[in-house]
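A.B. asks: The structure follows.
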Amino acid sequence: MAATTHETTPDRRVSWPLGIRRGLACRCPACGEGRAFRGFLKVADACEACGQELHHHRADDLPPYVTIFIVGHIVGYGILLTETNLDWPLWLTLSIWPALTLAMTLALMQPVKGAVVGLQYALGMHGFGAGETSDAQRTG
Numbered sequence: 001m002a003a004t005t006h007e008t009t010p011d012r013r014v015s016w017p018l019g020i021r022r023g024l025a026c027r028c029p030a031c032g033e034g035r036a037f038r039g040f041l042k043v044a045d046a047c048e049a050c051g052q053e054l055h056h057h058r059a060d061d062l063p064p065y066v067t068i069f070i071v072g073h074i075v076g077y078g079i080l081l082t083e084t085n086l087d088w089p090l091w092l093t094l095s096i097w098p099a100l101t102l103a104m105t106l107a108l109m110q111p112v113k114g115a116v117v118g119l120q121y122a123l124g125m126h127g128f129g130a131g132e133t134s135d136a137q138r139t140g
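Numbers 1 to 140, taken from UniProt numbering, label the letters of the sequence shown in order.
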């Protein structure tokens with residue numbers, strides 16, 4: 001089977017699962033080649049591979065909420081299991097769980113933000129849509 005390329009134009013969007021997958025990989029949601037981030041949580045203004053503008057995303061509050069949801073469930077369940085089944089000393093519990101929570105949060109924050117940007121791109125939201133007017137054009 002021949003490899004296919006996913007060319008995107010303003011009229012041709014990627015599917016939302018593909019957009020999320022590319023975002024989770026911290027890649028451009030349009031081409032999957034260029035980096036989506038220029039810093040830890042700073043989204044690149046444009047993809048260096050395909051030139052797709054990424055600066056108008058609105059992934060502000062959702063990525064932290066999703067990260068808290070995921071980490072909270074994993075850590076909460078882990079604490080519940082260890083406290084009911086193991087007899088750890090208090091110092092060990094207070095050492096492991098906050099460190100694990102911080103590490104998981106830092107590890108998940110960028111991929112989750114990339115996934116949100118990828119979803120916004122795939123759905124044509126917040127400036128990614130074809131034919132939208134910018135805020136400057138709306139205000140005159």
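For every residue, glycine included, the Cβ atom is placed at its ideal position computed from N, Cα and C.
What does DSSP give as the partner residue(s) for PHE37 in the beta ladder?
C.D. replies: For this step, residue 37 is matched to residue 37 along the sequence shown. Paired residues: VAL43.
A.B. asks: Select from ALA99, ALA44, PHE40 the residue whose C-alpha is nearest the C-alpha of PRO29.
C.D. replies: In the sequence shown, the residue the question calls residue 29 occupies position 29. Selected option, being the one with the closest Cα: ALA44.
A.B. asks: So what's GLU48 in DSSP terms, helix, strand or just coil?
C.D. replies: Walking along the sequence shown from the start, residue 48 turns up at place 48. In this structure, GLU48 counts as coil in the three-state DSSP scheme.
A.B. asks: For GLY19, name the three-state secondary structure that DSSP assigns.
C.D. replies: In the sequence shown, residue 19 corresponds to position 19, counting from 1. Three-state DSSP puts GLY19 in a helix.
A.B. asks: According to the neighbour-count rule (16 or more other Cβ atoms, all chains shown, within 10 Å of its Cβ), is ILE20 buried or exposed?
C.D. replies: The residue you call residue 20 lines up with position 20 of the sequence shown. Buried, since its Cβ has 16 or more Cβ neighbours within 10 Å.
A.B. asks: So, ARG13 versus LEU123, is the Cβ gap smaller than 9 Å?
C.D. replies: As a first step, residue 13 is located in the sequence shown; it is residue number 13 there, counting from the start. As a first step, residue 123 is located in the sequence shown; it is residue number 123 there, counting from the start. The answer is yes: Cβ separation under 9 Å.
A.B. asks: Determine the direct distance from the alpha carbon of ILE74 to that of LEU86, and round the result to whole angstroms.
C.D. replies: Here residue 86 corresponds to residue number 86 of the sequence shown, with the count starting at 1. Here residue 74 corresponds to residue number 74 of the sequence shown, with the count starting at 1. Each residue's Cα considered, the two are about 17 Å apart.
A.B. asks: Going by DSSP, name the residue or residues bridged to GLU53.
C.D. replies: Here residue 53 refers to the residue found at position 53 of the sequence shown. Per DSSP, ALA46.
A.B. asks: Is ALA59 near CYS47, with beta carbons less than 9 Å apart?
C.D. replies: Here residue 59 refers to the residue found at position 59 of the sequence shown. Here residue 47 refers to the residue found at position 47 of the sequence shown. No.
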